[in-house]
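Worksheet: the structure to be examined is printed underneath.
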Amino acid sequence: MLLVPILVAACFISGSTQERRNGPNDIDLCLYSLRKWAGLAAKGNPTALHFLFSQNYSMKPKPWEVIFGNRDVFLSRRAALQFRGFAEAQLRRLQGIGTGKKGQRHELIGDHGYDIKAAMHVIR
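Residue numbering for the sequence shown follows numbering that gives the first Met the number 0, beginning at 0 and increasing consecutively.
In structure tokens, the structure reads:
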């Protein structure tokens, strides 16, 4: 899934009531306003923090360079606890313990024998 913190208004906001799940050929895209993304990052959201510490090959607008240059302000013990909790929850999902908030990904388990998306999150 591609998550993009954006510096302009988004035409699609996370939390929509769309019921249909993405298929294998769909683009999985979630756009956040910069304010929403910064709030998630400040709370230690692993996916939001990922942007600050992964290689970015795309064009970097000036405002993002300022944020990226000050990325350490988003680091905290709270963020570390969030990351740990997230990884542990994904590991439990891989082990078949509980189903998590969104349930098991049965199509991935059927195709690969385990939830490969949960495995990716544990590795991340």
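The beta carbon of each residue, even a glycine, is placed where N, CA and C say it ideally should be. Quick caveat, the model's predicted, so the values are computed rather than measured.
Open item on the list: For Leu51, list the residues DSSP reports as bridge partners.
Closed with: Within the sequence shown, the letter at position 52 stands for residue 51. Paired residue(s): none; Leu51 is not in a bridge.
Open item on the list: Using a 10 Å radius around the Cβ and a threshold of 16 neighbouring Cβ atoms, would you call Phe73 buried or exposed?
Closed with: Here residue 73 corresponds to residue number 74 of the sequence shown, with the count starting at 1. Burial is judged here by how many other beta carbons sit within 10 angstroms of a residue's own beta carbon; Phe73 has at least 16 and is buried.
- [ ] Using three-state DSSP, classify Ala30 as helix, strand or coil.
- [x] Translated into the one-based positions of the sequence shown, residue 30 becomes position 31. Correcting the residue identity first, residue 30 is Leu in this sequence and not Ala. Three-state result, Leu30: strand.
- [ ] State the DSSP-derived secondary structure class of Asp110, mapped to helix, strand or coil.
- [x] Counting from one through the sequence shown, the residue named residue 110 turns up at place 111. Of the three classes helix, strand and coil, the one that applies to Asp110 here is helix, per DSSP.
Open item on the list: Between the stretch 106–121 and the stretch 73–84, can you find at least three pairs of beta-carbon atoms closer than 8 Å?
Closed with: Three or more beta-carbon pairs separated by less than 8 Å are not found between the stretch 73–84 and the stretch 106–121, which leaves the two stretches without contact.
TODO: Quick one: using the 10 Å Cβ neighbour count with 16 as the cut-off for buried, is Tyr31 buried or exposed?
DONE: Translated into positions along the sequence shown, residue 31 becomes position 32. Buried, by the Cβ-count rule.
Open item on the list: Measuring only the C-alpha atoms, how far is Ala117 from Lys61?
Closed with: Numbered from 1 along the sequence shown, position 118 holds the residue referred to as residue 117. Numbered from 1 along the sequence shown, position 62 holds the residue referred to as residue 61. The alpha-carbon separation between Ala117 and Lys61 amounts to approximately 34 Å.
- [ ] Return yes when the Cβ of Leu51 is within less than 9 Å of the Cβ of Ala40, no when it is not.
- [x] Walking along the sequence shown from the start, residue 40 turns up at place 41. Walking along the sequence shown from the start, residue 51 turns up at place 52. In contact: Ala40 and Leu51 (Cβ atoms closer than 9 Å).
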